[in-house]
Every structure is written in structure tokens, then in C-alpha cells.
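Reminder that position 132 of the sequence shown reads as 213 in our numbering, one-by-one numbering, no gaps.
All C-beta atoms in this analysis are idealised placements derived from N, C-alpha and C, irrespective of residue type, glycine included.
To start, the structure under review is shown below, and the notes come after it.
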Amino acid sequence: MNNNYQRLLRQLHQLSQRLAVLLKDQLEENRAEAQHISVKIKQLVTHLSRAFSRQQLRKAMGAVAILFGLGAAQNVAAQSFAAPLTNPFGLSAAGYISIPTLVDIDADGDLDAFVGTSGGYGVDRLYFQNTGTAANPQFAAPITNPFGLPGATYGYTMAFADLDNDGDLDAIVGEYYGNLRYYQNTGTASAPQFATGVVNPFGLSAVDQIALPTLADLDNDGDYDLLVGEYYGAIKYFQNTGTATLPQFAAAVTNPFGLSSLNQFHIPHLVDLDDDGDLDLLSSEYYGDLKYFQNTGSATNPAFAAALTNPFNLVSTSDVAFITTGDLDNDGDVDVLIGEYYGVMNYFRNTTINIGVGELAGVEFKVYPNPTQVVFRVEATTEAIVKIEVMTLTGKVLDGFEYYGQTINFIDYPAGVYLIKVTAKNGSMGFQKVTKL
Numbered sequence: 082m083n084n085n086y087q088r089l090l091r092q093l094h095q096l097s098q099r100l101a102v103l104l105k106d107q108l109e110e111n112r113a114e115a116q117h118i119s120v121k122i123k124q125l126v127t128h129l130s131r132a133f134s135r136q137q138l139r140k141a142m143g144a145v146a147i148l149f150g151l152g153a154a155q156n157v158a159a160q161s162f163a164a165p166l167t168n169p170f171g172l173s174a175a176g177y178i179s180i181p182t183l184v185d186i187d188a189d190g191d192l193d194a195f196v197g198t199s200g201g202y203g204v205d206r207l208y209f210q211n212t213g214t215a216a217n218p219q220f221a222a223p224i225t226n227p228f229g230l231p232g233a234t235y236g237y238t239m240a241f242a243d244l245d246n247d248g249d250l251d252a253i254v255g256e257y258y259g260n261l262r263y264y265q266n267t268g269t270a271s272a273p274q275f276a277t278g279v280v281n282p283f284g285l286s287a288v289d290q291i292a293l294p295t296l297a298d299l300d301n302d303g304d305y306d307l308l309v310g311e312y313y314g315a316i317k318y319f320q321n322t323g324t325a326t327l328p329q330f331a332a333a334v335t336n337p338f339g340l341s342s343l344n345q346f347h348i349p350h351l352v353d354l355d356d357d358g359d360l361d362l363l364s365s366e367y368y369g370d371l372k373y374f375q376n377t378g379s380a381t382n383p384a385f386a387a388a389l390t391n392p393f394n395l396v397s398t399s400d401v402a403f404i405t406t407g408d409l410d411n412d413g414d415v416d417v418l419i420g421e422y423y424g425v426m427n428y429f430r431n432t433t434i435n436i437g438v439g440e441l442a443g444v445e446f447k448v449y450p451n452p453t454q455v456v457f458r459v460e461a462t463t464e465a466i467v468k469i470e471v472m473t474l475t476g477k478v479l480d481g482f483e484y485y486g487q488t489i490n491f492i493d494y495p496a497g498v499y500l501i502k503v504t505a506k507n508g509s510m511g512f513q514k515v516t517k518l
């Protein structure tokens, strides 16, 4: 296992212990520190879920694991996205087809942006350095083909990962005629410099016209695998059967794990969108729709459900939607950035309710039995509760009423995961996930 992952796992354990102390003490002056630590923990969990199982993460986090959706129950957290903003944070359209990739290429703790742009079959790569912060991005004027990356090589999407396990980010570029070109980073994590591209290394092979790659550890074995979409809508899986240091890819498998072809173009992006510890697939296609394939398997053995179109308040953009994701506002969840045919970029901010442990520090209460088939009982253990609200995981209020020690009848609600929100007499709030069977 990568030593860096082990170091981050130890950091997760230490932060979780500190958070448990802050929540137990329930001091007002602890709230800001607790909220800051909770964001760091969410970021670590997202990153480490690629290398460790839910059980391993739960063990490292101890009692606070339940606050982050890592309890014994397989709770699924849906997302909710705001209406798109056009060309935010100083990003600008250029030429035909904007193909964005969010990545911290200079290792300064915030996300930068690469945007492939085409005036024909040739593509230039524009680099927008984030000169703002992780929480408040601001992108500088673009630089064309930086760090030794060439233009006009018929390259479309870029995927970044540390493929040789030397501490910096390398790149795989998908090309118009289906080849995959590897650019090794021979610089450093903070000062990248890319070597001359190598076509189809490590056992990779060309796909059908216009290769659209994404890199992630899809089988949870500690190295990076590759999914590649293509022009006619199929998707190819190249399993890394080598190591984190010496990649070697098996022959391509078409539409594995229950995945299906899309209607011309399959632009894939692997991300844990439902916050359950395994990688889901969010894809876009030629006519601008977004397709969500939920991973109903596990981090080690993926299995994808049938695609949902434009879920979680995401909407279709203009023709040829190229998708990338990243936490652009540093609040611990995944935002979406989409480039389109006429060069415009659309930013969908993730507005999913933060089940904030800073707020949980304000009031303690019990909900039992949990899970249940019919009735939950809410019982205050610290501050006096004056109000209860039943909410969806995206923050929509389903019911609300004054509290007088009563039970909540869930018989008319469908099976699923909900939030109980309580408000105390002093104005502090708390949230708890509950499961209706």
C-alpha cells in the first residue's frame, strides 16, 4: 500500500479522535474548530475511500464514523446541485469545445483547471492557475500548452494521476483517432514538467475514434485503473494488473460491471457521488445530458445500476458536454464543471446539506429505534428541544412540528434514509440520519 495513503489514514484517525473530544465537551468555543476538522475529515474520507474499505475507514475514525455516513448501515446520501453559473471564477470560453479537467497540478492545496479547446481536429490545452484559495477560487488568464504539453496532437480529454507512484501527477490524454498518450511528469509535484508523450504504453490499446479517459482505483487494489469512453457511446475498461509503481493494463473490456453505451460520446468521470465509499460513474454525452450510474456493488467489486438522466437537479447543457468534478468551494462535497460545444463552461455547485458536526456539537438527542418500520421516538439528552423537522438528505423539509416528547410516525413515508433535525430552545441545532425500512 502506498505510504502516503497510510500517512493520511493516520491523520484521519488523529482528527477523528480530536473531533470526538470536541463533541463530548460541547463547548461553544469548540464549534469553529469542530466544523473545520469535519471538513478535513470529509476530504480525507473521499480520498482514502479509493484505497481502503468502509470497514477500515470506520475503524480508523471510531465513534465519529457514523456522522460521515460510515456507520454499519449502508446509508446512501443523494446530492443536490444549484442552477449552473456560466464561466465562473475567471474561467473563459475559447474556441470550439471546452474540455475541462480540475486538478491541483501545482500542489498548493487548491484546484487548477486545464481546458482543451478545439478550432478543428487539433487541440490546445489552456491552463488556468487558481490564484485564489481552495474555498474561493479565482483563475488567472490562461497559458497555452504549459509544462511541456504540446498542442495540436489531436488530443481531447486529459486524466491525471500519479501513475508511477513518485509523488507527482502524470497525464493520460485521449486522442481523436482513439489512441491514449501518456505524459510522464519528470518534474515535481509543485513544478510539473512533462516528457514527450508515449502512445498506448503499459499494454493500452486504441479505442474507436475519440478516446475519453478517466483514471481511478475502480477495484480498490491500490493502483489506478482506466475507463475510456468513445465516440460511438461504448465504454472500455482497462484493469491495472500491475502495481502502483509499474502499471500494466489488461486487454479492454467493453461496457463492464453493468454499464451501458450512451447515444454518441460517452464522457466518463468516476466519483463517489452518493458518499457510500465506492466509485459511481457520472457521464455526459453528445446532446448534453448527464447520466448517473450508481455503484450498487462495492469499492472492490463494482456493479452499476441503470443510468439515471440529469439527476440531483443537474440539467442538460448545450451539445457536447464534457464533465469534470472537484470540490471547488472546499466544503467537503463534489461540485461539477461542464464544458460545451461553443466553449462555455457551466459550474454546478453542490448544495447538499452539510450534516455539520459543528451543529451537532450544539445539542444532543436520541432517535430510536433506528432503523424502524413505523415509528421513531425523539428524546433530548442535553438542551431542551422546541422543534423537530423531517428532511430528505438533500435538505427538503417534509414535515415540522413543536416538540413535546412525542413519537414520529413514518408509516406514510417510503423506505429510505432521512434526516431528523432538531432545534433547541437556545437556537442550537442537531441532525441525525434515520432509516425507514
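Pair within 7 Å by beta-carbon distance, residue i and residue j
i      : j      : result
Thr405 : Leu183 : yes
Thr295 : Lys317 : no
Pro165 : Phe429 : yes
Ala446 : Val503 : Correcting the residue identity first, residue 446 is Phe in this sequence and not Ala. Contact: yes.
Glu311 : Val288 : yes
Val456 : Asn490 : yes
Val459 : Val448 : yes
Leu96  : Lys121 : yes
Phe338 : Pro383 : yes
Asn266 : Thr381 : no
Ala252 : Tyr237 : no
Ala221 : Thr214 : no
Ala292 : Gly232 : no
Phe195 : Phe228 : no
Ala146 : Arg139 : yes
Ser161 : Phe393 : yes
Gln290 : Gly314 : no
Ile492 : Val515 : no
Ala553 : Asn411 : Any question about residue 553 goes unanswered here, given that the chain covers just 82 to 518.
Start-to-end residues for the beta strand (DSSP E) that takes in residue i
i      : result
Glu311 : No beta strand (DSSP E) contains Glu311, which DSSP labels as neither H nor E.
Pro262 : It should be noted that the sequence gives Arg, not Pro, for residue 262. Arg262 -> beta strand (DSSP E) spans 261-264.
Ala332 : Unbroken run through Ala332: none, as it is neither H nor E.
Leu500 : 497-505
Ala252 : 251-256
Thr406 : 403-407
Glu460 : 456-461
Ile199 : Per the sequence shown, residue 199 should be read as Ser rather than Ile. Taken as a continuous stretch (DSSP letters only), the beta strand (DSSP E) holding Ser199 covers 193-199.
Leu207 : 204-209
Val425 : Element bounds for Val425: n/a, residue is neither H nor E.
Thr453 : Where Thr453 is concerned, there is no enclosing beta strand (DSSP E), given that its DSSP letter is neither H nor E.
Gly248 : Looking at the DSSP string, Gly248 is not in any beta strand (DSSP E), and its letter there is neither H nor E.
DSSP state of residue i mapped onto helix, strand, coil
i      : result
Ser286 : coil
Pro297 : Correcting the residue identity first, residue 297 is Ala in this sequence and not Pro. Ala297 falls in the strand class under three-state DSSP.
Ala158 : With a pLDDT of only 46 at Ala158, under 50, the local geometry of the prediction cannot be trusted, and the value read off the model is given with reservation. Reduced to three states, the DSSP call for Ala158 is coil.
Pro349 : strand
Val396 : coil
Ser173 : coil
Gly420 : strand
Gly232 : coil
Gly486 : coil
Glu470 : strand
Val120 : helix
Gln320 : coil
Ser271 : coil
Leu129 : helix
Ser179 : strand
Val102 : helix
Asn85  : helix
Val415 : coil
Leu93  : helix
Met510 : strand
Ala242 : strand
Ile436 : Only weak support exists for where Ile436 lies, its pLDDT of 45 falling under 50; the value from the coordinates is given anyway. It is coil, neither helix nor strand.
Gly143 : helix
Leu363 : strand
Asn281 : coil
Asn111 : helix
Leu354 : coil
Leu138 : helix
Residue i CB to nearest heavy atom of the ligand ADP below 6 Å
i      : result
Leu129 : Among the components of this structure there are no ligands whatsoever, and the ligand ADP is therefore not found.
Is the stretch 172-183 in contact with the stretch 115-127, if contact means three or more CB pairs nearer than 8 Å? no
What beta strand (DSSP E) runs, 3 residues minimum, are completely inside the stretch 365-392? 371-374
Could you check whether the stretch 376-390 touches the stretch 351-364, counting it as contact only if at least three pairs of C-beta atoms, one from each stretch, sit closer than 8 Å? yes
Are there three or more Cβ pairs, one per stretch, closer than 8 Å when the stretch 405-418 is compared with the stretch 379-390? no
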